[in-house]
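Engineer: Residue 1 is where the sequence shown starts when you use our numbering, and the numbers rise one by one after that. All residues carry an ideal CB built from backbone N, CA and C; glycine is no exception. Predicted model, so just to flag it, every value in this text is computed and none were measured.
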Amino acid sequence: MTLTGDLDLTQAILTRYILAICMVLGIIGSLFDLIVFCQKKFRSNSCSVYFIATSIFNLLVILCGIIPALLVSYQNYDIALYSSTFCKARAYIIHVLLMMSRSSVALACIDRFALCSRNAHIRRLNQYNIAILLVIIVCILWLTLPIHVLIYVDIQVPGRRCGGSGTYLIVYSIYAAIVTSIPLFIMIICSFLAIQNLRLSYIRVHPNIVYTNENINRPIRMQKRDIQLMTIVISEVVIYFISTVWFPIYTIYLTITSNISKTTNRLAIEGFIRYLALQFLIFINSCSIFYIHLLASKPFRQECVNSKYDIYKKPKTLSEMSSREKQNKPSDSSQQQDNRFNRQDSQKSAISQQDRSSEENFDIIKYLHNNRDELMERYSYGKSSKRRCPRYYFINKKKSILIILQGDITRTKVDAIVNAANEHMTGGGGVDGIIHRAAGPELYTACVAHKKITQGVRLPTGHSRILLSYNMSSTTHYIINTAGPVYDRYRKEECAKELLSCYQTSLALANLYDLESIGFTAISCGIFGYPANQGADAALRTVDQEAGIVPVVVFVLWDDDIYDAWVRKAEELEFTSFDIENIKTKNPLTSSNDNDQIETKKNQSKNDDQPRSPTTFNPPVRDFSTHDKTPEDNTKSLLDRLPSVPSDTSDTQKTADMEEDDNSSNEKHPLHNQQTQDMTSVTQEEEKSTTKDHSEQKSVEETIDQHHNKQIKTNDDPSQLPVSKKTNNSHAEVAKNETAKDN
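1) Would Ile479 and Leu467 qualify as a contact pair, given that the criterion is a beta-carbon distance under 7 Å?
2) From which residue to which residue does the beta strand (DSSP E) around Phe394 run?
3) Beta carbon of Cys162, beta carbon of Cys87: below 7 Å?
4) Output needed for Asp432: all residues of its chain with C-beta closer than 7 Å, excluding positions within five of it in sequence on either side, in chain order.
5) Any idea if Tyr82 is buried or exposed, counting beta-carbon neighbours within 10 angstroms, 16 or more meaning buried?
6) So is Leu512 buried or exposed if we call it buried at 16+ other beta carbons inside 10 Å?
7) Go ahead and label Thr264 buried or exposed: buried means 16 or more other beta carbons lie within 10 angstroms of its beta carbon, across all protein chains shown.
8) Hey, could you find the ends of the alpha helix (DSSP H) Ile404 is sitting in?
9) Enumerate in chain order the residues of its own chain whose CB-to-CB distance from Phe290 is below 7 Å, with the five nearest sequence positions on each side excluded.
10) Taking the alpha helix (DSSP H) that Arg437 falls in, what are its first and last residues?
11) What residue range does the beta strand (DSSP E) around Phe280 cover?
12) Can you check whether the CB of Gly529 is closer than 7 Å to the CB of Tyr487?
13) I want to know whether the segment 456-471 touches the segment 434-447 - three or more CB-CB distances under 8 Å.
14) Between Tyr444 and Thr426, which are expected to be in contact by the criterion C-beta below 8 Å, what is the C-beta distance as a whole number of angstroms?
15) May I ask you to report which of helix, strand or coil DSSP gives Phe528?
16) Which value, in whole angstroms, describes the spacing of the CA atoms of Asn673 and Pro390?
17) Using the rule of at least 16 other Cβ atoms within 10 Å of the residue's Cβ for burial, across every protein chain shown, is Asp561 buried or exposed?
18) If you drop the 5 nearest sequence neighbours on each side, which residues of the same chain put their C-beta closer than 7 Å to that of Ile52?
19) Starting from Thr482, follow the alpha helix (DSSP H) in both directions and report where the run begins and ends.
20) Using DSSP with H/G/I as helix, E/B as strand and the rest coil, what is Thr575?
21) State the start and end residues of the unbroken alpha helix (DSSP H) segment that holds Arg123.
22) Between the Cα of Ser55 and the Cα atoms of Ser73, Asn45, Met100, Ser84, which residue gives the shortest distance?
23) Is Ala421 helix, strand or coil when you go by DSSP?
24) Three-state secondary structure (DSSP) at Gln455?
25) To the nearest angstrom, how far is it from the Cα of Lys262 to the Cα of Trp142?
26) Considering only C-alpha positions, which residue in the set Thr257, Thr10, Asp154, Phe42 is nearest to Ser744?
27) Which residues in the same chain have their Cβ closer than 8 Å to the Cβ of Val550, if we skip the five residues on either side of it in sequence?
28) Got a sec? Which residues, its chain only, sit under 8 Å from Glu581 by beta carbon, not counting five neighbours each side?
29) Report the option in Leu133, Ala120, Leu145 whose CA atom is closest to the CA atom of Leu97.
30) Which of helix, strand or coil does DSSP assign to Gln156?
31) Provide the residue span of the alpha helix (DSSP H) that contains Arg112, from first to last.
32) DSSP beta-bridge partners for Arg465?
33) Rounded to whole angstroms, what's the CA-CA distance from Phe520 to Phe555? Just pull it up for me.
34) In the DSSP assignment, what are the bridge partners of Arg301?
35) Measure the alpha-carbon distance for Arg118 versus Lys451 and round it to whole angstroms.
36) Is Gly535 helix, strand or coil by DSSP?
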């Protein structure tokens, strides 16, 4: 068998068997691509629009290109060699569909590059509406640009083939090389720039990050879905380059060697290469897109499995469909308006994006042990008398930490800070102006680049949008702008819903971007006039319920009143508090009341061990060694322990004895000089007042001795009774009054 026969046989085998198998797999893969990317969570992504368009175009290429080739191979009859209309239509349709598919992949690369760009105007290309518009433009462009194929391509009689001839063949070769190379170069350049921007962004935003938590594998990165789509795009570019680069090379070669006489074997080889470059490899590329996605992306494989289960779970009857529609139907007009602005989209996508396995394995106690020093360094302000001490609580079913501190949010180290912005996103007063000045003019440029939804409104009230931190990259990675409500007492319920939405959407973005910590201010509680108590209630209840997989939630408050309102509300909601300084010595999950009881017992034991001075006027300490005795025995033992004062002792002698006792007590228990001076002055005044009524004191002392002897029923000797100077004065007055009454 000659070389020509061998090549013809090889071509027939490739067409009949390989292309047939690829056609079946390609149709199935294109349908699965459509099912995955048409899901609600992917459908709103601009890159998914390009993938949906690519899948549709590839499916049409398979149907319009491979099926006719199989019919020709099995029947040995090509209708294009006998029908001029079919010849023109097939060449035109296949060329248009292939160029639409290639252009869609190129647009996907541009979209990924725009997503990573620092230029705000370039990032505007990463929008759903712009993606739809560009796909429509591509379709119109490639439907009109190859009109020349319908005019000049025809059945060529010498050789019986469908194609061009003469000068048009050379022009078409140059045209085909150009239009095939342009998308290829766009793909390569944009993919390279996207990867480069992603690396620079990671280095710029995370200069010195060391992850010490073993339970959480949460590198701070772009949205997981965006990374997944970028991986798929790059894999498509590689396969497209391998399968398409031969077509422009062969076209250029054919144009250069068109005037050279060729042998039969050379013509057979060129014909086989033409078949590989113009049909086989191109059709293989169209059939293999879905399987490239499977090999390149693990999340895509999981999405395919989930899509298969979703198909089986769909309602099969009309009654099930109607009941599900009633459940999903909005209850009122306000919820319909929320759906109009897609207020809940970020929250729903964040819930679906959460990695459940990492959430279940997350141990907050181990996280605290591993990050205790870092948390204390970041959120403790030392012993500053101007700031309140930070408070630490457990929230979110003890899966997250709440920190309430007083300070400057622009200097607080968190992964993202929430800026209480206005609807214009142009900076204003209060915290908004402080953050704009700290982040620099690039933040203003990025905010202004957002499209206005209505007149002068870029960010509707209750919505949130995330941006880079720009000049604040040393303390935070992202800035989440949220538009808080301006308080109006006549629309309290609406303001409360809008404030709740601010916290919900901000936390949803934090979960979506896998942030480890987020810092809030008191949204709308400043110049917007929202009451601090109501704002604290909305904020703390929301973070407790919507924290998700964010381990650390920080409230950075400036005013004392707002700080106190947040702390009071945290205590009212019964959040479990703990002391981070003692996190390694005791269990932080014990309640705050238990901790207070433990501290109280420790303080009491310390106070009991301390020696007591007679000049401190401390109450008597109970002697537990005599608790079994009767009250009379207790009184007697107490009196026996006290120093005795003889009844015949003069006042001067008593005063001297007291001074000696004070001096001896001062030697044993040194006190401050001021206390000693005060006690001395008091003793001197008492001495002066008692010397005036010396005669009365003797009668009073006898009366007091009799009175005490009757009560305690013990020794009748009055010298055993303890009599202090101050007690004598008080009893003297009582006895004097009784004597006056008797007289």
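Structural biologist: In short, the structure shows the following:
1) yes
2) 391-395
3) yes
4) Asn419, Ala420, Ala421, Asn422
5) exposed
6) buried
7) exposed
8) Premise fails: Ile404 lies in the beta strand (DSSP E), 400-406, not in any alpha helix (DSSP H).
9) Gly29, Ser30, Phe32, Asp33
10) 430-439
11) No beta strand (DSSP E) holds Phe280; DSSP gives it neither H nor E.
12) yes
13) yes
14) 7 Å
15) coil
16) Legend: pLDDT at Asn673 = 44, less than 50; position of this residue unreliable, value from coordinates given subsequently. Cα-Cα distance, rounded: 38 Å.
17) exposed
18) Leu34, Phe37, Cys38
19) Thr482 -> not in any alpha helix (DSSP H); beta strand (DSSP E) instead, spanning 478-483.
20) According to the sequence as given, residue 575 is Phe; it is not Thr. Note: Phe575 maps to coil in three-state DSSP.
21) 120-123
22) Met100
23) strand
24) coil
25) 35 Å
26) With the chain covering 1 to 743 only, the question about residue 744 has no answer from this structure.
27) Ser400, Leu507, Ala510, Asn511, Leu515, Glu516, Ser517, Ile518
28) Met376
29) Leu145
30) strand
31) 84-116
32) Asn481
33) 5 Å
34) The partner list for Arg301 (beta bridge, DSSP) is empty, contrary to what the question assumes.
35) 17 Å
36) helix
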